[in-house]
Amino acid sequence: DAKTTQPNSMESNEEEPVHLPCNHSTISGTDYIHWYRQLPSQGPEYVIHGLTSNVNNRMASLAIAEDRKSSTLILHRATLRDAAVYYCILRDIGLNSGYALNFGKGTSLLVTP
Amino acid sequence: DAMVIQNPRYQVTQFGKPVTLSCSQTLNHNVMYWYQQKSSQAPKLLFHYYDKDFNNEADTPDNFQSRRPNTSFCFLDIRSPGLGDAAMYLCATSRQQGLGTDTQYFGPGTRLTVL
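Next comes the structure, spelled out in structure tokens:
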């Protein structure tokens, strides 16, 4: 399985944009890039996913590099509620990723007032 | 509005005393999953159901069993909990089984303490 690499932790000020990076240099052409987050004492929560083009939804934006070897999750205005562990996960378009989400270590985002 | 519901949120049991955790969903999804998350670790899949078909992960201990009596409900049974089974147990659902475009929806989890 293609692996992802994320920084262990990042810090942001409230109401500022946050850019969370993810490296996936061995990504295959059929891997989707998913982002989930887990708030303290909660279950993980889906954030966004994409294949090649940049994606936007109400929670965040996903910017995917042209060579797809890296991606960035963008929170446009961080709030205290966005403090969580953010996971970048690759999922094959078919069934080759298996059934489990491979969460890895993720990035712990701290948001300060 | 809760879509994946887990009860109870906190469960305390004694060493060796069987315990059952429950999960229900209002999404009518085909697939239901159980993950175990130990302190400061990432969630780890124990098993999942695709409709009535049970799929066990290779390294899930026999101590862990599951039942899915209908589409909406799924149970996790721990036959003889040990101290090492203390963890957060997460239930999740998805429409499809393992497809790259599918999303998993998680419940809030049940935190299990073993005394």
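For the record, the sequence lines run as chains A and B.
Just so we're aligned, residue 1 is where the first sequence starts under this note's numbering, counting upward by one.
Just so we're aligned, residue 114 is where the second sequence starts under this note's numbering, counting upward by one.
Don't be surprised by glycine CBs; every beta carbon is placed ideally from N, CA and C.
Using beta-carbon positions only, say whether B/A200 and A/K105 come within less than 8 Å of one another.
For B/A200 and A/K105, no; Cβs fall outside 8 Å.
At 3 residues or longer, what runs of the beta strand (DSSP E) sit wholly inside the stretch 165-213 of chain B?
Here the runs fully enclosed are 166-169, 177-180, 186-191 and 200-207.
Nearest-angstrom Cα distance between A/H34 and B/D175?
Near 31 Å, if we compare the C-alpha coordinates of B/D175 and A/H34.
Option in B/V125, B/K157 and B/W147 with minimal Cα separation from B/F188
Nearest neighbour of B/F188 by Cα position, chosen from B/V125, B/K157 and B/W147, turns out to be B/W147.
Considering only the alpha carbon of each residue, which of A/L80, A/F103, A/G98 and A/K69 lies closest to A/N23?
That would be A/K69, whose Cα lies nearest to the Cα of A/N23.
A/F103 classed as buried or exposed, judged by whether at least 16 other C-beta atoms fall within 10 angstroms:
It is buried - the Cβ of A/F103 has at least 16 other Cβ atoms within 10 Å.
Whether A/Y32 touches A/L62 by CB criterion (8 Å):
For A/Y32 and A/L62, no; Cβs fall outside 8 Å.
Return the CA-CA distance between A/N8 and A/L101, expressed in angstroms with no decimal places.
Rounded to the nearest angstrom, the two C-alpha atoms are 19 Å apart.
B/V227 to B/F177 span [Cα, whole Å]
Straight-line Cα distance between these residues: approximately 15 Å.
How far does the beta strand (DSSP E) with B/T226 in it reach, from first residue to last?
It spans T223 to V227 - the beta strand (DSSP E) in which B/T226 sits, taken as one unbroken run.
Leaving out five residues before and five after A/P40 in sequence, what residues of the same chain have Cβ atoms less than 8 Å from its Cβ?
The answer, listed in chain order, is A83 and A84.
Residues that A/L20 bridges to, as DSSP identifies them
Residue pairing by DSSP places A/L20 opposite A/L73 in a beta bridge.
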